[in-house]
Amino acid sequence: MLNKELVQRKINNIENYIKEIEPLLILDVSEIAGDVLKLRTIERNFQLIVDTMLDINTHIISAKNLKAPETMQETFLILGEAKVLPLDFVKKIAPVVGLRNIVVHEYEKVDNEKMMSDVKDGASQFGEYIVHIDNFLEKE
Numbered sequence: 161m162l163n164k165e166l167v168q169r170k171i172n173n174i175e176n177y178i179k180e181i182e183p184l185l186i187l188d189v190s191e192i193a194g195d196v197l198k199l200r201t202i203e204r205n206f207q208l209i210v211d212t213m214l215d216i217n218t219h220i221i222s223a224k225n226l227k228a229p230e231t232m233q234e235t236f237l238i239l240g241e242a243k244v245l246p247l248d249f250v251k252k253i254a255p256v257v258g259l260r261n262i263v264v265h266e267y268e269k270v271d272n273e274k275m276m277s278d279v280k281d282g283a284s285q286f287g288e289y290i291v292h293i294d295n296f297l298e299k300e
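Heads up: the sequence shown begins at 161 in my numbering, then just goes up one per residue.
This is how it looks when you write it as structure tokens:
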């Protein structure tokens, strides 16, 4: 059963994480990449945003009895196939999981300037994700 209150709390968390990094995202990428405190603040909030989106995705997948994802990135694709998220949007947002994994697990040396550029580019997608999930909740 879909727990709308749980999903809404998680959406509120995402909105708060975005608010915490918004003042930093207007700074020049090189300025952020050169300041460890700013960089780590953005990295951590980025991780929290992505993790919370994945929590929402997996909750909806479970509640709707959709197929089980093999990867976390696939949770977006499954929601796209189920028309919870638009497929064109899914193609844009799903790669954030890979960036999150690189940042968190240090699978490879992170190019801080590229990472910051990607986070800045992706910031608007986080808001768009919230809109799509809110629309889904209204229909349920």
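All residues carry an ideal CB built from backbone N, CA and C; glycine is no exception.
_Nearest to L245 (by Cα), restricted to the options V264, G258, M161, I221_ = Out of V264, G258, M161, I221, the CA that lies nearest to the CA of L245 is found in I221.
*When we look at the beta-carbon of E203 and count the other beta-carbons within 10 Å, is it buried (16 or more) or exposed?*
Of the other Cβ atoms in all chains shown, 16 or more fall within 10 Å of the Cβ of E203; this residue is therefore buried.
*Closer than 7 Å: is that where the CB of F206 sits relative to any heavy atom of the ligand ADP?*
For the ligand ADP, the structure offers nothing, since it holds no ligand at all.
*Straight-line CA distance for V189 to M161?*
If you draw a straight line from the Cα of V189 to the Cα of M161, it is about 43 Å long.
*Do the stretch 264-282 and the stretch 234-248 touch if we need at least three Cβ pairs shorter than 8 Å?*
In short, these stretches do not touch, since the Cβ pair count stays below three.
*Write down the C-beta distance between L237 and V250 rounded to the nearest angstrom, noting that I regard them as a contact closer than 8 Å.*
Contact between L237 and V250 holds, with the beta-carbon distance rounding to 6 Å and staying under 8 Å.
*Taking all protein chains shown into account, decide if G240 is buried (16 or more other Cβ within 10 angstroms of its Cβ) or exposed.*
G240 is buried by the Cβ-count criterion.
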